[in-house]
Amino acid sequence: MSAKFNDKVALVTGGGSGIGRTIARHLAVHGCYVVILGRNIDALKESAKQNSRIAYIAEDVAYVVSFLASEEASFVTGSDYAVDGGFAA
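Residue 75 is where the sequence shown starts when you use my numbering, and the numbers rise one by one after that.
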């Protein structure tokens, strides 16, 4: 299973606790670079500190996700939306 995720990048929302934290750690152990999102920076730091493949961003991305899922975004064919002040994994 490691080869499947090796050097891939995953974005996990709610990565500061519960299922999100477990998924992020599982992906990282299997070679994936993981960016976790959440609103509680202390919980995100705790999730990320045990694996160097996990980075964290304390942001609410709901607006961007809502827009991209809407009909208004139907013309978007490929764009980057910075919701983290320019962080790149």
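Don't be surprised by glycine CBs; every beta carbon is placed ideally from N, CA and C.
Per DSSP, reduced to three states, the secondary structure at V135 is coil, with no helix or strand assignment. C-alpha of K123 to C-alpha of V135: approximately 22 Å in a straight line. Looking at the backbone, the Cα of R99 and that of G112 are separated by about 15 Å.
Under DSSP, the beta-bridge partners assigned to I128 are V108. Counting only the Cα atoms, V103 lies some 31 Å from A143.
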